[in-house]
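Respectively, the protein sequence lines represent chains A and B.
With UniProt numbering, letter number 16 in the first sequence gets 16, and the count goes up by one each step, no holes.
With UniProt numbering, letter number 87 in the second sequence gets 87, and the count goes up by one each step, no holes.
In this text, a Cβ means the ideal position worked out from N, Cα and C, and glycines have one as well.
These notes are about the structure you will find just below.
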Amino acid sequence: MAAAATAAVTIGPTAAPVAEEGLSGEAAPAAAPPPQALAPSAGPRLSRLPLARVKALVKADPDVTLAGQEAIFILARAAELFVETIARDAYFSAQQGKRKTLQRKDLDNAIEAVDEFAFLEGTLD
Amino acid sequence: MAERPEDLNLPNAVITRIIKEALPDGVNISKEARSAISRAASVFVLYATSCANNFAMKGKRKTLNAGDVLSAMEEMEFQRFISPLKEALDAYRREQKGKKEASEQKKKDKDKRTDSEEQDKIREDDNDEDDERMEEEEQNEEEEVDN
């Protein structure tokens with residue numbers, strides 16, 4: 001089971017195999033991810049976020065008529081990059097507080113400190 | 001079941017994994033922080049969609065395409081995403097092309113078998129036209145967004 005999960009997760013640092021605490025309820029779906037292509041070496045990774053969910057978000061916009069598959073895919077990948085980015089910025093704040101656990105306030109600090117995150121203000125409450 | 005758009009969440013397990021892989025080993029994340037990041041990601045997609053849609057409309061197109069999303073990234077000041085996104089797009093296109101060629105090959109094999117039977121040839125031709133049209137629709141890669 002763990003082997004299958006690792007194989008499907010592809011390149012980059014191997015996902016921490018053991019310390020997946022807090023994922024018990026969600027381990028099942030995580031262990032059987034959608035069949036994304038495997039990049040052999042350090043090629044670009046295709047998205048891990050399920051395109052169906054991203055598509056649901058896109059459809060929620062009343063002004064959007066149609067969205068091509070490629071657009072959905074790019075949005076999914078962009079959302080991943082966004083998560084990575086904001087997590088790192090929040091971590092910077094945790095480090096300032098000499099903590100090894102990211103807390104909600106670290107996220108708030110990151111949003112305040114980083115211009116690109118201004119669009120998030122007032123949306124997370 | 002329809003909620004506000006911000007409530008449309010991305011799967012927690014995937015979000016958590018993405019976060020953990022972005023951070024050094026040994027760093028943890030509280031449930032509240034994880035949940036907030038997940039919501040932020042949804043808001044990001046909504047905002048990017050809206051932005052991208054503006055570009056599509058400017059170009060008098062009704063279908064959002066990848067270029068619109070890239071333009072949106074630029075507009076949202078996430079230029080650093082553009083290069084990795086272009087790479088991902090190339091890989092995605094190659095994968096799609098591979099899939100399409102595989103299914104076309106299957107179709108060719110199927111056609112060979114049915115042609116050799118030589119029955120109801122006219123009906124077969126009609127069906128082929130339908131198949132081609134359907135394939136073309138798939139190739140256009142348009143997802144109907146019912147609004």
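Following the continuous beta strand (DSSP E) through residue i, name the residue where it begins and the one where it ends.
{"i": "G68 of chain A", "result": "L66 to G68"}
CB of residue i to nearest heavy atom of the ligand ZN: below 7 Å?
{"i": "D61 of chain A", "result": "With respect to small molecules bound, the structure shown includes none, and the ligand ZN cannot be examined in it."}
How about residue i and residue j: are their beta carbons less than 8 Å apart?
{"i": "Y91 of chain A", "j": "L85 of chain B", "result": "no"}
{"i": "V83 of chain A", "j": "A41 of chain B", "result": "yes"}
{"i": "L10 of chain B", "j": "S38 of chain B", "result": "yes"}
{"i": "E79 of chain A", "j": "F55 of chain B", "result": "Reading off the sequence shown, one finds Ala at residue 79 of chain A, where the question assumed Glu. No."}
{"i": "Q103 of chain A", "j": "E101 of chain B", "result": "no"}
{"i": "A71 of chain A", "j": "N65 of chain B", "result": "yes"}
{"i": "A36 of chain B", "j": "A52 of chain B", "result": "no"}
{"i": "S30 of chain B", "j": "T101 of chain A", "result": "yes"}
{"i": "A67 of chain A", "j": "T63 of chain B", "result": "yes"}
{"i": "V14 of chain B", "j": "L49 of chain A", "result": "yes"}
{"i": "L46 of chain A", "j": "Y92 of chain B", "result": "yes"}
{"i": "D106 of chain A", "j": "A94 of chain A", "result": "yes"}
{"i": "V64 of chain A", "j": "T16 of chain B", "result": "no"}
{"i": "R34 of chain B", "j": "I18 of chain B", "result": "no"}
Determine the extent of the alpha helix (DSSP H) in which residue i is found, giving its start and end residues.
{"i": "V27 of chain B", "result": "That residue, V27 of chain B, is in no alpha helix (DSSP H); it is neither H nor E in DSSP."}
{"i": "residue 148 of chain B", "result": "Since the first residue shown for chain B is 1 and the last is 147, residue 148 of chain B is missing from the structure and cannot be characterised."}
{"i": "R39 of chain B", "result": "K31 to K58"}
{"i": "D106 of chain A", "result": "R104 to A113"}
{"i": "R20 of chain B", "result": "Sequence inspection shows Lys at residue 20 of chain B; the Arg mentioned does not correspond to that position. Its alpha helix (DSSP H) spans residues N12 to A22."}
{"i": "A52 of chain A", "result": "L51 to K59"}
Using a Cβ-Cβ distance cut-off of 8 Å, determine whether residue i contacts chain D.
{"i": "E121 of chain A", "result": "The structure shown contains no chain D; its protein chains are A and B."}
Checklist entry - Can at least three beta-carbon pairs, one atom from the region 72–85 of chain B and one from the region 93–112 of chain A, be found at a separation below 8 Å? => result no
Item to check | Members of the region 18–36 of chain B that neighbour chain A once the beta carbon cut-off is set at 9 Å | outcome: Flagged, chain order: I18, I19, K20, E21, A22, L23, P24, D25, G26, V27, N28, I29, S30, K31, E32, A33, R34, S35 and A36.
Checklist entry - When you check each C-beta in the region 40–52 of chain B against every C-beta of chain A, which residues fall closer than 8 Å? => result A40, A41, S42, V43, F44, V45, L46, Y47, A48, T49, S50 and A52
Item to check | the region 67–85 of chain A: positions lying closer than 9 Å to chain B by Cβ | outcome: A67, G68, Q69, E70, A71, I72, F73, I74, L75, A76, R77, A78, A79, E80, L81, F82, V83, E84 and T85
Next on the checklist: Beta carbons nearer than 7 Å to chain A: which residues of the region 85–98 of chain B have them?
Outcome noted: L85, E87, A88, L89, A91, Y92 and E95
Checklist entry - Taking Cβ-Cβ distances below 8 Å as the criterion, which residues of the region 60–71 of chain B are in contact with chain A? => result K62, T63, L64, N65, A66, D68, V69 and L70
Checklist entry - Given a limit of 7 Å on CB to CB distance, which residues of the region 94–109 of chain A reach chain B? => result K100, T101, L102, Q103, R104, D106 and L107
Item to check | Against chain B: residues of the region 43–59 of chain A by CB proximity under 8 Å | outcome: G43, P44, R45, L46, S47, R48, L49, P50, R53, V54, K55, A56, L57, V58 and K59
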